[in-house]
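Take a look at the structure set out below.
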Amino acid sequence: MADQCMLGWILATLFVLFAIYCLVIKKKERGTKKDLLGSRRESVNCTATTNEECISGNVSDADVIIVGAGVAGAALAHTLGKDGRRVRVIERDLTEPDRIVGELLQPGGYLKLIELGLEDCVEKIDAQKVFGYALFKDGKHTRLSYPLEKFHSDVAGRSFHNGRFIQSMREKAVSLPNVHLEQGTVTSLLEEKGTIRGVQYKTKDGQELTAFAPLTIVCDGCFSNLRRSLCNPKVDVPSCFVGMILENCQLPCANHGHVILGDPSPILMYPISSTEIRCLVDIPGQKVPSISSGEMAKYLKTVVAPQLPPEVYDAFLAAVDKGNIRTMPNRSMPAAPYPTPGALLMGDAFNMRHPLTGGGMTVALSDIVVLRNLLRPLRDLNDSPTLCKYLESFYTLRKPVASTINTLAGALYKVFCASPDEARKEMRQACFDYLSLGGVFSEGPVSLLSGLNPRPLSLVAHFFAVAIYGVGRLLLPFPSPKRIWIGARLISVVHRELSSPSSGQKELDKCSSLQLFLHITDLLQSCETDLTRRQEIANFSYAGQIEPLVSPLLLPLVQSRLGEDISSTCTADKARCKKRRLGKDGKKIEEHQEAPLTALSRT
Numbered sequence: 004m005a006d007q008c009m010l011g012w013i014l015a016t017l018f019v020l021f022a023i024y025c026l027v028i029k030k031k032e033r034g035t036k037k038d039l040l041g042s043r044r045e046s047v048n049c050t051a052t053t054n055e056e057c058i059s060g061n062v063s064d065a066d067v068i069i070v071g072a073g074v075a076g077a078a079l080a081h082t083l084g085k086d087g088r089r090v091r092v093i094e095r096d097l098t099e100p101d102r103i104v105g106e107l108l109q110p111g112g113y114l115k116l117i118e119l120g121l122e123d124c125v126e127k128i129d130a131q132k133v134f135g136y137a138l139f140k141d142g143k144h145t146r147l148s149y150p151l152e153k154f155h156s157d158v159a160g161r162s163f164h165n166g167r168f169i170q171s172m173r174e175k176a177v178s179l180p181n182v183h184l185e186q187g188t189v190t191s192l193l194e195e196k197g198t199i200r201g202v203q204y205k206t207k208d209g210q211e212l213t214a215f216a217p218l219t220i221v222c223d224g225c226f227s228n229l230r231r232s233l234c235n236p237k238v239d240v241p242s243c244f245v246g247m248i249l250e251n252c253q254l255p256c257a258n259h260g261h262v263i264l265g266d267p268s269p270i271l272m273y274p275i276s277s278t279e280i281r282c283l284v285d286i287p288g289q290k291v292p293s294i295s296s297g298e299m300a301k302y303l304k305t306v307v308a309p310q311l312p313p314e315v316y317d318a319f320l321a322a323v324d325k326g327n328i329r330t331m332p333n334r335s336m337p338a339a340p341y342p343t344p345g346a347l348l349m350g351d352a353f354n355m356r357h358p359l360t361g362g363g364m365t366v367a368l369s370d371i372v373v374l375r376n377l378l379r380p381l382r383d384l385n386d387s388p389t390l391c392k393y394l395e396s397f398y399t400l401r402k403p404v405a406s407t408i409n410t411l412a413g414a415l416y417k418v419f420c421a422s423p424d425e426a427r428k429e430m431r432q433a434c435f436d437y438l439s440l441g442g443v444f445s446e447g448p449v450s451l452l453s454g455l456n457p458r459p460l461s462l463v464a465h466f467f468a469v470a471i472y473g474v475g476r477l478l479l480p481f482p483s484p485k486r487i488w489i490g491a492r493l494i495s496v497v498h499r500e501l502s503s504p505s506s507g508q509k510e511l512d513k514c515s516s517l518q519l520f521l522h523i524t525d526l527l528q529s530c531e532t533d534l535t536r537r538q539e540i541a542n543f544s545y546a547g548q549i550e551p552l553v554s555p556l557l558l559p560l561v562q563s564r565l566g567e568d569i570s571s572t573c574t575a576d577k578a579r580c581k582k583r584r585l586g587k588d589g590k591k592i593e594e595h596q597e598a599p600l601t602a603l604s605r606t
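Numbering (this note's numbering) for the sequence shown: 4 to 606.
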């Protein structure tokens, strides 16, 4: 009996200690969460106490509010409007933008443009086709072509004036009767009980208004004043671009982007019209020579010009003398969202990478495709719990494409920059020589760069292949202790660059095909009784997100979970969509064959 009492006291004591421990831990977690959300609440107009009745009494005049009408905002407005959603777009400035970046769309991004039905937006703006890159180093050069053999002849990269492209997409969006575009500056998000209900904004005339919708999507660009309410922004500025337009000259390789591996950092050139060449000179750090004092012109003439190909030398000097020189900081920011009911971040407001690889628009358009497919099965956006679950899924399903392009941009920029470090010098030379080998050695990296093959494992494999190739060059024909040491450091450089937070490694770690598969099965389980919704989710998830990325060892598991009938249908749809929406006779395919899913029918 005494033993039983003693045992009871011991168990009771353990239970009490466990309860106290749980309470303390939860209290600490709540405190940490409050700290993280502190900055978020500063920029959110919390109306739960003073204006709760007003907000609750307002009827949403739109299904979706989009803040910003840049590349992401305008494309998203047209996409959701075409699916039958009532879309309200609020843009700070409706005049044509004038930027020196956002002018090169990779082939992977162009395919997304086709999938969204926006390919005609590049047809009347004097856009130029881009078929690959020309890489220059120390007087040598190599041509890297996009692997476009399996696609329609119209599929290629596109380069253009950023403002013309945006205006074309805005016109396309407002051509839909259910898309309303207005000029105004959004000052805050309206929150009620932890859910974003709409926005407060100032019109062009200075009038303060509010707009309400079950979903608010913030796409207000790299200078976003709303992102702090929806994510934890960690913006890095590794360098600045100095931009000019060259006239009356021809690039050494027509219809190719040109990357000159200069000292101290790369120089980019590509056509933006039939008569103009964009030149972007990268300057490391956040300080650039003064334009007004003439220091910038002197730097460009004495440091940059001697490193350029002779075909563009005279035109470059003429552009410097003309004086239309512009600068802008290059920002990178990993995606670190606070999942917030009723709101979503997209575009540069959400995620940025170094513009060296021209991947920003490809990531944005890919995100729009993912979001469109996610929202299609959800007929009523006022179903807050379901909408919240779908929005959380968006952050997971976007990772394969976004993390691959982000990581490549950050790592490639560091490799292409000149450095006094011997290991980095060898890595730079090894990268140039590896790409110059051609065949699979250039096709693999270029397919990653172009967004045609966004496989994270392929990215890691090619970077380490470059390192091994560099080590082999060092050790042959006769290794020395110094060369062995440099080779070891070269491997560590690759590992460090791929592991760098600014290169997007945190995103890369979380986008394995198995994790994506498990996430989608959880999403399927949340709608067990709705067979139509289950089939739609499985359909787009397998064809658009898992099948292109999954390991062959996991394919039987995926097919058995999602169903052989779904996977076979999606594979056929995906093959059909690989070719541009043109038949063999050059005519457009009917609308119902554009994408794997049928258009949303509103109820």
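Glycine residues also receive a C-beta, built at the ideal position from the N, C-alpha and C atoms. As the structure is a prediction and not an experimental result, all values here were calculated from the model.
Residue i versus the options, residue with shortest Cα-Cα distance
i    : options                : result
G160 : G135, K153, R401       : G135
I68  : F244, M172, T219, L121 : T219
S227 : H259, G209, S191       : S191
P292 : N376, M331, G187, K205 : M331
A414 : F466, R458, G187       : F466
A322 : M299, E500, C124       : M299
Y416 : E500, W488, T407, N456 : E500
D66  : P274, L119, G345, R356 : G345
L147 : Y341, A491, C256       : C256
V158 : T145, H144, E118       : E118
D96  : T82, K207, C252        : K207
E174 : G224, I263, D141, D123 : D123
M355 : K301, P236, I489       : P236
P423 : I489, A464, Y393       : I489
G224 : L394, R102, T278       : R102
Residue(s) in a DSSP beta bridge with residue i
i    : result
E185 : I93
C282 : M247, M272
G160 : V133
P287 : S242
P459 : Beta-bridge pairing links P459 to no other residue.
A346 : T219
P180 : Per DSSP, none; premise fails for P180.
Y204 : V189, L212
C234 : P340
R401 : Partner(s): none; R401 has no beta bridge.
F139 : H144, I263
S296 : Its beta-bridge partners do not exist; DSSP assigns none.
T330 : V245
I69  : V92, I220
S335 : D239
M355 : M336
Residues near residue i by beta carbon distance below 7 Å, same chain, minus five either side
i    : result
C2   : In the structure displayed, the chain extends from 4 to 606; residue 2 sits before or after that span and is not available.
S461 : G447, L451
V373 : F397, L400, R401
I58  : Below a pLDDT of 50, predicted positions are generally treated as unreliable, and I58, at 38, falls in that range; the measurement from the model is reported next regardless. Cβ neighbours of I58 beyond the five flanking positions: T50, L193, E195, R200.
V496 : A426, R427, M430
N61  : Confidence is the limiting factor: at N61 the pLDDT is only 47, short of 50, which leaves the residue's position unreliable, though a coordinate-based value still follows. So the list reads F215, once near-sequence residues are dropped.
S156 : none
L320 : K304, A308
I263 : F139, P269, I270, Q310, L311
7 Å Cβ cutoff met for residue i and residue j
i    : j    : result
E250 : G166 : no
G84  : V182 : yes
I128 : V189 : no
G361 : G111 : no
I133 : P358 : Going by the sequence as given, residue 133 is Val instead of Ile. No, Cβ-Cβ distance for V133 and P358 is not below 7 Å.
V418 : S369 : no
R334 : V449 : no
L411 : Y393 : no
Contact set for residue i: own chain, Cβ-Cβ below 6 Å, skip 5 residues either direction
i    : result
I494 : A470
V307 : V284
S268 : D285, P287, C420
P180 : none
H498 : none
P457 : P403, V404, T407
Neighbourhood of residue i by C-beta, 8 Å cutoff - its chain only, sequence neighbours within 5 removed
i    : result
E126 : none
Y472 : A433, D436, Y437
I275 : E106, Q131, S162, F163, H164, I248, R281
Heavy atom of the ligand SAM within 6 Å of residue i beta-carbon
i    : result
L138 : In the structure shown, the ligand SAM is absent, as is every other ligand, since no ligand is present at all.
Which residue spans inside the region 424-448 form an unbroken alpha helix (DSSP H) run of at least 4?
-> Counting only runs of 4 or more, we get 425-439.
What runs of the beta strand (DSSP E), each 3 residues or longer, lie entirely inside the region 466-508?
-> Along the region 466-508, the beta strand (DSSP E) does not occur as any fully enclosed run of 3 or more residues.
Ranges of the alpha helix (DSSP H) found wholly within the region 359-405, counting only runs of at least 4 | 363-378, 387-400
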